[in-house]
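In the numbering used here, the protein residues as written are 48 to 311.
Below is one structure, written out as structure tokens; the observations come after it.
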Amino acid sequence: MEFLKTEDEIELMRAANRLVSATLAELAKHIAPGVTPIELDRIAEMFIRDHGAEPTFKGFPNPYGAPFPASICASVNETVVHGIPDNTPLHDGDIISIDCGALLDGFNGDSCYTFCVGEVKPAILHLLKTTKESLYKGIEAALPGKRIGDIGDAVQTHCQANGCGVVREFVGHGIGKEMHEDPQVPNFGKRGRGRLLKNGLCIAIEPMITLGKPQIIMMPDRWTIKTRDRQCAAHFEHTIAIHNGKPDILSSFDEIEKIEGKKY
Ligand code: MG
Ligand code: MG
Numbered sequence: 048m049e050f051l052k053t054e055d056e057i058e059l060m061r062a063a064n065r066l067v068s069a070t071l072a073e074l075a076k077h078i079a080p081g082v083t084p085i086e087l088d089r090i091a092e093m094f095i096r097d098h099g100a101e102p103t104f105k106g107f108p109n110p111y112g113a114p115f116p117a118s119i120c121a122s123v124n125e126t127v128v129h130g131i132p133d134n135t136p137l138h139d140g141d142i143i144s145i146d147c148g149a150l151l152d153g154f155n156g157d158s159c160y161t162f163c164v165g166e167v168k169p170a171i172l173h174l175l176k177t178t179k180e181s182l183y184k185g186i187e188a189a190l191p192g193k194r195i196g197d198i199g200d201a202v203q204t205h206c207q208a209n210g211c212g213v214v215r216e217f218v219g220h221g222i223g224k225e226m227h228e229d230p231q232v233p234n235f236g237k238r239g240r241g242r243l244l245k246n247g248l249c250i251a252i253e254p255m256i257t258l259g260k261p262q263i264i265m266m267p268d269r270w271t272i273k274t275r276d277r278q279c280a281a282h283f284e285h286t287i288a289i290h291n292g293k294p295d296i297l298s299s300f301d302e303i304e305k306i307e308g309k310k311y
């Protein structure tokens, strides 16, 4: 069942999400060729703890019971989601999706941004632009009285119209005291179908979009998810509250985009 949030709870959710956004902006300052994902993980964990929060992802179990070993998911190039930060230096032309979660004062924040490392190819910029645009189209559809399928339809239609693939195995979710609450929020669907959207509902919308085919494969570590065709994937995520009759974006890319500069 879904948990509708009060005004006070939405403000606590906003604080947790603003901390996640600030963490991603802190990482944006450090992302460059030669930097390793494990270094970024240390920076993120320290930043979250220094602000009185817990990194939600650290120790989070997968369906096989294996705890996630880090505070961020760092998914480079063909890795779609759940990349474990490692010691491989980033290269000029890479992309890295950093998904981050924090628990602050009993509520969760969850947001993801795909960063460019140096100069990336135009085809990859097209993927990033399409994915980010689809996130905002999904958010625009998140109105009380509409349904979960309206969000998925908006994301899917935009990505497919731009020649990109929509990953189906992983979806967005309700969020609050738990990182994953009801309902699931797929990045595909049909208008007018699925759960009714109501004021007070907090959800994470998170398109996971591919440059090539949408099929994925799980690596032997049972966390890392890659595209089957090894083409690049992008992942952008905001946590929103449906609030006063409209979507209220609780996380923010503003600081990240100031630091990254306009690339697409
Ligand atoms: Mg996330
Ligand atoms: Mg999420």
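Positions of the beta carbon are idealized from the N, C-alpha and C atoms, including for glycine.
CB of D88 within 7 Å of CB of P132, strictly = Less than 7 Å separates the beta-carbon of D88 from that of P132.
Is E253 near ligand 2, with its Cβ less than 6 Å from a heavy atom?
-> Taking non-hydrogen atoms of ligand 2 into account, the C-beta of E253 is found less than 6 Å away from one of them.
Are at least three pairs of beta-carbons, each pair with one atom in the region 63 to 79 and one in the region 140 to 154, less than 8 Å apart?
-> Judged by Cβ distances under 8 Å, the region 63 to 79 makes contact with the region 140 to 154, as three or more pairs qualify.
Would you check whether ligand 1 has a heavy atom nearer than 6 Å to the C-beta of C249?
-> Look at C249: its beta carbon is at least 6 Å from all of the heavy atoms in ligand 1.
Please report how far the alpha carbon of T53 lies from the alpha carbon of K224, in whole angstroms.
-> As the crow flies, the alpha-carbon of T53 is around 13 Å from that of K224.
Examine ligand 2 and report whether any of its heavy atoms sits within less than 6 Å of the Cβ of D229.
-> For D229, the distance from the CB to the nearest heavy atom of ligand 2 is not below 6 Å.
C279 and E125 look like a contact to me (Cβ under 8 Å); what is the Cβ gap, rounded to whole Å?
-> At roughly 6 Å, the Cβ-Cβ gap stays under 8 Å, so C279 and E125 are in contact.
As assigned by DSSP and simplified to three states, the class of C206 = In the structure shown, the three-state DSSP call for C206 is helix.
Name the two residues that bound the continuous alpha helix (DSSP H) containing G185.
-> Start and end: P169 to E187.
For A113, does the three-state DSSP call read helix, strand or coil?
-> Looking at A113 - three-state DSSP - the assignment turns out to be coil, as it is neither helix nor strand.
Any heavy atom of ligand 1 within less than 5 Å of residue CB: hits in chain order = Near ligand 1, residues with a Cβ at less than 5 Å from any of the ligand's heavy atoms are D146, D157, C159 and E284; the list follows chain order.
With C-beta atoms as the reference, is A189 less than 7 Å away from I289?
-> Cβ distance < 7 Å, so A189 and I289 count as in contact.
Go to D157, then tell me how far its beta strand (DSSP E) extends in each direction, as first and last residue.
-> The continuous beta strand (DSSP E) containing D157 extends over residues F154 to C163.
Helix, strand or coil at K273 [DSSP, three-state] = Reduced to three states, the DSSP call for K273 is strand.
Compute the Euclidean distance between the alpha carbons of F314 and I306, then round it to the nearest angstrom.
-> Nothing in the structure corresponds to residue 314, since the chain is present only between 48 and 311.
For K310, does the count of other Cβ atoms within 10 angstroms reach 16, so buried, or fall short, so exposed?
-> By the 10 Å Cβ count, K310 comes out exposed.
For the beta strand (DSSP E) that E228 lies in, which residues bound it at each end?
-> For E228, the enclosing beta strand (DSSP E) starts and ends at E228 to V232.
Sort R240, T177 and K245 by Cα distance to E253 and report the nearest one.
-> It is T177.
C-alpha gap between I85 and P136, whole angstroms = If you take the alpha carbons of I85 and P136, they lie about 9 Å apart.
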